[in-house]
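Asker:
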Amino acid sequence: MPTFSRGTNSDDASFQEVCMNVRVRYAPSPTGLQHIGSVRTALFNYLYARATGGTFVLRIEDTDRERFSPDALDDIYDTFRWLGVSWDEGPDVGGPYGPYFQSQRADLYRAHAESLLSSGHAYRCYCTAERLADLREQQAQKKGEQGYDRRCRTLSDDERTRLENSGAPSVIRFRVPLEGSSVFEDTILGAVKRKNRDINPDPVLLKSDGFPTYHLANVVDDHLMEITHILRAQEWVPSASLHVLLYEAFGWSPPVFCHLPMVMGKDGKKLSKRHGSTSVVDFRTAGYLSDAVVNYIALLGWAFDDKTEFFTREELETKFSIERLNKSPAVFDYKKLEWFNGAYIRALSDTELVDAMIPFLEIAGLVTNPPSAEHREVLDGVAPLVKERLKLLSDAPEALRFLLSEIDPPSLEDLVPKKAGPKDALVALQEAEKLLDGFFDRTDEQNEERFREASERLEMKLGHLLMPVRAAVTGSSVSPPLFGSIRLLGEAKTRARISEAIDRLKEATE
RNA sequence: GGCCCCUUCGUCUAGCGGUUAGGACAGGAGAUUCUCAUUCUUCAAACAGGGGUUCGAUUCCCCUAGGGGCUACCA
Numbered sequence: 428m429p430t431f432s433r434g435t436n437s438d439d440a441s442f443q444e445v446c447m448n449v450r451v452r453y454a455p456s457p458t459g460l461q462h463i464g465s466v467r468t469a470l471f472n473y474l475y476a477r478a479t480g481g482t483f484v485l486r487i488e489d490t491d492r493e494r495f496s497p498d499a500l501d502d503i504y505d506t507f508r509w510l511g512v513s514w515d516e517g518p519d520v521g522g523p524y525g526p527y528f529q530s531q532r533a534d535l536y537r538a539h540a541e542s543l544l545s546s547g548h549a550y551r552c553y554c555t556a557e558r559l560a561d562l563r564e565q566q567a568q569k570k571g572e573q574g575y576d577r578r579c580r581t582l583s584d585d586e587r588t589r590l591e592n593s594g595a596p597s598v599i600r601f602r603v604p605l606e607g608s609s610v611f612e613d614t615i616l617g618a619v620k621r622k623n624r625d626i627n628p629d630p631v632l633l634k635s636d637g638f639p640t641y642h643l644a645n646v647v648d649d650h651l652m653e654i655t656h657i658l659r660a661q662e663w664v665p666s667a668s669l670h671v672l673l674y675e676a677f678g679w680s681p682p683v684f685c686h687l688p689m690v691m692g693k694d695g696k697k698l699s700k701r702h703g704s705t706s707v708v709d710f711r712t713a714g715y716l717s718d719a720v721v722n723y724i725a726l727l728g729w730a731f732d733d734k735t736e737f738f739t740r741e742e743l744e745t746k747f748s749i750e751r752l753n754k755s756p757a758v759f760d761y762k763k764l765e766w767f768n769g770a771y772i773r774a775l776s777d778t779e780l781v782d783a784m785i786p787f788l789e790i791a792g793l794v795t796n797p798p799s800a801e802h803r804e805v806l807d808g809v810a811p812l813v814k815e816r817l818k819l820l821s822d823a824p825e826a827l828r829f830l831l832s833e834i835d836p837p838s839l840e841d842l843v844p845k846k847a848g849p850k851d852a853l854v855a856l857q858e859a860e861k862l863l864d865g866f867f868d869r870t871d872e873q874n875e876e877r878f879r880e881a882s883e884r885l886e887m888k889l890g891h892l893l894m895p896v897r898a899a900v901t902g903s904s905v906s907p908p909l910f911g912s913i914r915l916l917g918e919a920k921t922r923a924r925i926s927e928a929i930d931r932l933k934e935a936t937e
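Convert by adding 427 to the 1-based position in the first sequence; the result is the number in our numbering.
Put into structure tokens, the structure is as follows:
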């Protein structure tokens with residue numbers, strides 16, 4: 428019979444409240460890519476630890492050996508490195524409560540499960556997967572009682588030894604009390620009460636492969652790791668009652684529960700792939716800044732006051748509090764995230780923006796990484812011009828293509844302004860050719876003045892004079908400011924593109 | 001089906017008995033502007049319904065409705 432020492436921390440509630448050192452954890456299971464919803468849970472745990480001067484623990488819940496994936500583990504590290512969220516204890520950094528991989532703690536869970544066996548709080552179950560499947564099927568048709576029928580709960584000693592001797596594989600199930608109810612006080616939800624007979628009937632604690640289920644592992648680890656607050660999504664509320672019973676059975680006092688509102692999709696259902704991107708890498712490759720993502724998801728279920736919406740990571744780390752957490756679910760608004768991202772891009776310095784854009788330009792095949800000196804100069808010059816035009820970093824290739832590679836000839840539609848004819852466009856381009864003389868010796872303001880004068884002289888709107896030039900030079904009717912763009916493109920390319928456009932217009936008008 | 005949780009503009013939210021119910025995103029209109037953006041101004045938009053408690057309910061309680069979650073040898 429193992430002894431379960433728990434370090435120095437007393438179980439005295441008042442003692443805990445007065446000088447409790449906050450210890451929180453994020454416990455992902457490496458079975459897939461980090462989901463934006465779970466990451467918000469992680470962030471809240473992290474922020475709570477920082478705000479209280481507590482400790483943030485990363486624990487890998489890899490007890491499902493069938494779904495485990497090493498890629499998913501890498502994704503956990505990558506995701507939080509990108510987000511700038513770090514942990515004080517975890518598999519990679521170590522700590523006094525390790526190991527932090529649950530798969531390396533199997534003996535611990537087994538010992539604890541067995542202690543429950545001998546204290547009568549648990550029992551061995553020999554039901555086969557087939558029987559359980561049949562049972563489920565029958566129950567689905569009758570739509571009455573759900574879950575395990577507790578057959579092995581009342582096995583006689585004879586039957587038990589017979590099954591044991593036959594070598595039949597078994598699991599250990601928790602003996603949920605049939606009577607009474609369990610209550611826990613949730614920081615966000617208040618008192619949550621549940622009759623014991625409504626709790627999942629005798630859930631499996633230890634699987635037949637010797638690994639624990641979530642219920643056992645998380646209770647044992649949270650206790651052994653001296654976790655003081657459990658911040659997790661509200662989908663866990665139903666099983667929290669079970670966990671409370673487990674703590675009782677072990678003779679431990681449970682941590683403070685704090686069930687966070689869920690993150691939903693537009694249709695009000697749990698956020699999933701059909702709503703759009705949900706894994707954090709998706710947001711990263713879609714061109715979001717990690718600061719924007721962190722800022723936005725921090726506001727999903729939490730608000731500091733009635734007006735502040737921009738928070739640096741440092742501000743979040745001091746201002747976050749459980750008291751200001753919301754209880755109702757939040758819909759993930761991609762539009763608002765995009766707005767945040769645009770705002771964060773605008774707040775970048777020119778060189779920061781260039782550095783942020785380079786990977787996206789590289790993927791598009793427009794620059795090397797690092798870029799050539801020539802490209803770097805162009806990028807530095809164009810940064811201030813595109814900064815307020817980008818919502819996503821992935822918009823950069825399209826916006827900058829005309830500066831970094833050859834362009835497809837613009838369509839006649841783009842070349843000829845609305846409410847104008849091809850002849851007008853031709854006139855505009857020919858005029859522009861003339862105005863290009865000395866262009867690079869003048870400032871943008873001076874050039875603009877010259878174009879203005881020309882448009883008056885030609886009795887043409889300035890826009891009608893500039894649009895054909897814009898289309899000819901950038902290949903699009905949408906571009907950064909024209910004069911700055913021409914300056915960055917250089918005289919030779921600008922002239923070549925304009926004269927090419929003139930030729931095409933001439934063909935079209937003949 | 002059973003159990004649990006939730007309910008302020010379309011969305012994120014402020015509000016913690018007495019407010020013209022505030023802000024932001026999105027949307028509409030306008031101004032600025034070489035396109036697109038940015039920026040600015042402005043408009044529209046909410047307390048789910050019904051009972052209580054109270055001098056007074058968005059706020060406290062109950063019911064109803066609606067929504068969501070859970071109901072695995074997954075977490």
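Each residue gets a CB set at the ideal place from its N, CA and C atoms; glycine is no exception.
Does the separation of the CB atoms of Val896 and Leu916 fall below 8 Å?
Answerer: Their beta carbons are not under 8 Å apart, which means Val896 does not touch Leu916 by this criterion.
Asker: Quick one, are the C-beta atoms of Asp524 and Gly517 less than 8 Å apart?
Answerer: Contrary to the premise, residue 524 reads as Tyr rather than Asp in this sequence. Not closer than 8 Å, so no.
Asker: Quick test of the definition: if touching needs 3 or more C-beta pairs under 8 Å, does the region 681-701 touch the region 791-804?
Answerer: Flag = no, the region 681-701 and the region 791-804 do not touch.
Asker: Spatial neighbours of Ala618 within its chain, please: C-beta separation below 8 Å, excluding the five flanking residues on both sides.
Answerer: Cβ within range, chain order: Val610, Phe611, Glu612.
Asker: Does the region 656-663 come close enough to the region 590-597 to have 3 or more Cβ pairs within less than 8 Å?
Answerer: Verdict: no, contact absent.
Asker: Determine the closest residue to Glu815 out of Ala774, Leu616, Glu488, with distance taken between C-alpha atoms.
Answerer: Closest by alpha carbon: Ala774.
Asker: Secondary structure at Leu485, three-state DSSP: helix, strand or coil?
Answerer: Note: Leu485 maps to strand in three-state DSSP.
Asker: Would you call Asp629 buried or exposed, if buried means 16 or more other Cβ atoms sit within 10 Å of its Cβ?
Answerer: With 16 or more Cβ atoms within 10 Å of its Cβ, Asp629 is classed as buried.
Asker: On a CA-only basis, which of Lys693, Ile785, Tyr761, Ala923 is nearest Asn796? Give me that one, please.
Answerer: For Asn796, the nearest C-alpha among the options comes from Ile785.
Asker: Who does Glu858 pair with in a DSSP beta bridge?
Answerer: Bridge partners of Glu858: none, in fact.
Asker: When the Cβ atoms of the region 632-645 are set against those of the region 527-542, are three or more pairs found closer than 8 Å?
Answerer: Short answer: they touch.
Asker: Let me check understanding here. Comparing Cα to Cα, which of Arg578, Phe866, Val646, Lys850 lies closest to Ser680?
Answerer: Cα-wise, what sits closest to Ser680 is Val646.
Asker: For the alpha helix (DSSP H) containing Glu612, list its first residue and its last residue.
Answerer: Counting along the chain, Glu612 falls outside any alpha helix (DSSP H), though it belongs to the beta strand (DSSP E) covering 608-613.
Asker: Taking Leu938 and Pro824 to be in contact with their CB atoms under 8 Å, please state how far apart those CB atoms are, rounded to whole angstroms.
Answerer: In the structure as shown, the chain starts at 428 and stops at 937, and residue 938 therefore has no counterpart that could be examined.
Asker: Where do the N-terminal and C-terminal ends of the alpha helix (DSSP H) with Leu842 fall, by residue?
Answerer: It spans 839-842 - the alpha helix (DSSP H) in which Leu842 sits, taken as one unbroken run.
Asker: Considering Val598, what are the terminal residues of the beta strand (DSSP E) in which it resides?
Answerer: Segment 598-601, the beta strand (DSSP E) holding Val598.
Asker: Below 6 Å CB to CB, which residues in the same chain sit around Ala855 once its five sequence neighbours on both sides are set aside?
Answerer: Cβ within range, chain order: Leu892, Pro895.
Asker: Helix, strand or coil: how does DSSP classify Val805 here?
Answerer: Here Val805 sits in helix by DSSP.
Asker: Note down the Cα distance separating Gly522 from Leu485, rounded to an integer number of angstroms.
Answerer: Using only the alpha carbons, I get a separation of about 10 Å.
Asker: Is the Cβ-Cβ distance between Pro907 and Val809 less than 8 Å?
Answerer: Yes, these two residues count as a Cβ contact at 8 Å.
Asker: From Pro798, Val707, Cys552, pick the residue whose C-alpha is nearest to that of Leu582; which is it?
Answerer: Ranking Pro798, Val707, Cys552 by Cα distance to Leu582 puts Cys552 first.
Asker: Quick check: Ala549 and Arg589, are their CB atoms within less than 8 Å of each other?
Answerer: It is not a contact, given that the beta carbons lie outside the stated cut-off.
Asker: If I follow the unbroken beta strand (DSSP E) through Lys622, where does it start and stop?
Answerer: That run of the beta strand (DSSP E) goes 617-622.
Asker: Quick check: the Cα distance between Gly714 and Ile487, rounded to an integer number of angstroms?
Answerer: Roughly 28 Å between the two C-alpha positions.
Asker: Assign Ser903 to one of three DSSP states: helix, strand, or coil.
Answerer: It is coil, neither helix nor strand.
Asker: Tell me where the beta strand (DSSP E) around Leu633 begins and ends.
Answerer: Looking at the DSSP string, the run of the beta strand (DSSP E) that includes Leu633 is 631-633.
Asker: Hey, quick one: how far does the beta strand (DSSP E) through Val520 stretch, first residue to last?
Answerer: Taken as a continuous stretch (DSSP letters only), Val520 belongs to no beta strand (DSSP E), as it is neither H nor E.
Asker: Go through its chain and collect everything with a Cβ distance to Leu673's Cβ below 6 Å, but skip five positions before and after it.
Answerer: Excluding residues within five positions, the ones whose Cβ falls inside 6 Å are Val646.
Asker: What runs of the alpha helix (DSSP H), each 4 residues or longer, lie entirely inside the region 646-715?
Answerer: Qualifying alpha helix (DSSP H) stretches, in chain order: 664-677, 707-712.
Asker: On the DSSP letters alone, give me the boundaries of the alpha helix (DSSP H) that Ala770 sits inside.
Answerer: 761-773 is the span of the alpha helix (DSSP H), which, as asked, contains Ala770.
Asker: Between the region 461-481 and the region 705-712, can you find at least three pairs of beta-carbon atoms closer than 8 Å?
Answerer: Contact holds: three or more Cβ-Cβ distances are below 8 Å.
Asker: Which term fits Leu853, buried or exposed, when burial requires 16 or more other beta carbons within 10 angstroms of its beta carbon?
Answerer: Buried, since its Cβ has 16 or more Cβ neighbours within 10 Å.
Asker: Would you kindly work out how many angstroms separate the C-alpha atoms of Phe867 and His802, rounded to a whole number?
Answerer: If you take the alpha carbons of Phe867 and His802, they lie about 19 Å apart.
Asker: Any idea which residues DSSP pairs Tyr550 with across the strands?
Answerer: Answer is Arg600.
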